[in-house]
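Take a look at the structure below.
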Amino acid sequence: MAFRALRRLPMATSASVSRPLAARQFHSTPRAFVQVGDAIPDVELHEDSPANKVNLSKAFASGVDNGVIIGVPAAFSGVCSQKHVPSYINHPKIGEAGQVFVVSVNDAFVMKAWGDQLDPTKVSGIRFLADPTGAFTKALDLGFDVIPVFGHTRAKRYALVIKDGKVKSVHVEPDNTGTDVSMAEQVLG
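Add 478 to a position in the sequence shown, counting from 1, and you land on the number used in the numbering used here.
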């Protein structure tokens with residue numbers, strides 16, 4: 479039968495509220511991802527191989543406590559490789575930025591190969607880190623679902639300026655993948 483009779487959902491048993499149990503609650507406030515003043519998540523990332531663990535929380539607490547964390551949806555993707563990361567590699571103020579890290583939900587081998595391709599002489603000082611399980615991205619609440627394209631959750635495109643080991647400014651692309659607010663020109667000046 480093409481049409482079925484509508485069934486009523488059971489009602490909540492509350493004196494003040496009588497709405498169906500299946501009703502969804504919507505909020506007009508956006509999700510609260512990483513905020514200014516937040517500490518950097520205490521999560522291990524990988525550099526060059528799974529054996530080389532890097533903890534950005536500890537890295538920014540070990541003397542050089544200023545810098546930038548650049549988050550990208552995918553290594554070797556067009557916008558990440560041709561526009562976003564190169565905007566930092568080629569920026570005249572990159573040497574003054576402190577420690578600079580590019581983080582992506584990828585494995586360490588992919589990130590090493592990508593870093594070697596984008597900055598073969600490593601003159602910029604930018605380090606490429608893998609977030610293989612997405613734990614760092616999840617701790618920042620900066621993941622988004624792109625399973626049809628990349629097979630699993632990836633990071634939104636973002637840049638976090640770090641000062642004194644805390645987040646000083648947050649630059650997250652409103653559409654997750656654009657380049658309106660997270661390019662080096664907007665972040666470093």
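All C-beta atoms, glycine included, are put in the ideal place defined by N, C-alpha and C.
Exercise for the section: Give a yes or no on whether the C-beta atoms belonging to A517 and G545 are separated by under 8 Å. Expected result: Taking 8 Å as the Cβ cut-off, A517 and G545 do not qualify as a contacting pair.
Practice task
Would you mind giving the Cβ-Cβ distance between L638 and H569, rounded to the nearest angstrom? I have them listed as a contact below 8 Å.
Solution key: That pair is no contact at about 16 Å.
Exercise for the section: Going by DSSP, name the residue or residues bridged to N533. Expected result: For N533, which the question treats as bridged, DSSP gives the partners E522.
Problem - Burial state of I625 (16 or more Cβ within 10 Å) - result: Within a 10 Å sphere around the beta-carbon of I625 sit fewer than 16 other beta-carbons, which makes this residue exposed.
Practice task
If I'm right that V512 touches L607 with Cβ under 8 Å, what's the distance once you round it to whole angstroms?
Solution key: In fact, because the Cβ distance is near 16 Å, the residues do not count as touching under 8 Å.
Problem - N- and C-terminal bounds of the alpha helix (DSSP H) containing I625 - result: Boundaries of the alpha helix (DSSP H) harbouring I625: 625 to 628, taken from the DSSP string.
Handout entry: Identity of the residues DSSP links to A613 by a beta bridge
Key = Answer is none; A613 lacks a bridge partner.
Practice task
Flag this pair as touching only if the region 571 to 585 and the region 538 to 554 have three or more C-beta atom pairs under 8 Å; answer yes or no.
Solution key: Taking a cut-off of 8 Å on C-beta distances, the region 571 to 585 touches the region 538 to 554, as three or more cross pairs fall below it.
Handout entry: Span of the beta strand (DSSP E) around K644
Key = In this chain, the beta strand (DSSP E) harbouring K644 covers 644 to 650.
Problem - Span separating the alpha-carbon of A490 from that of G515 - result: Bear in mind that a pLDDT of 45 at A490, under 50, signals an unreliable position, so the number given afterwards is only what the model happens to contain. Approximately 41 Å between the Cα atoms of the pair.
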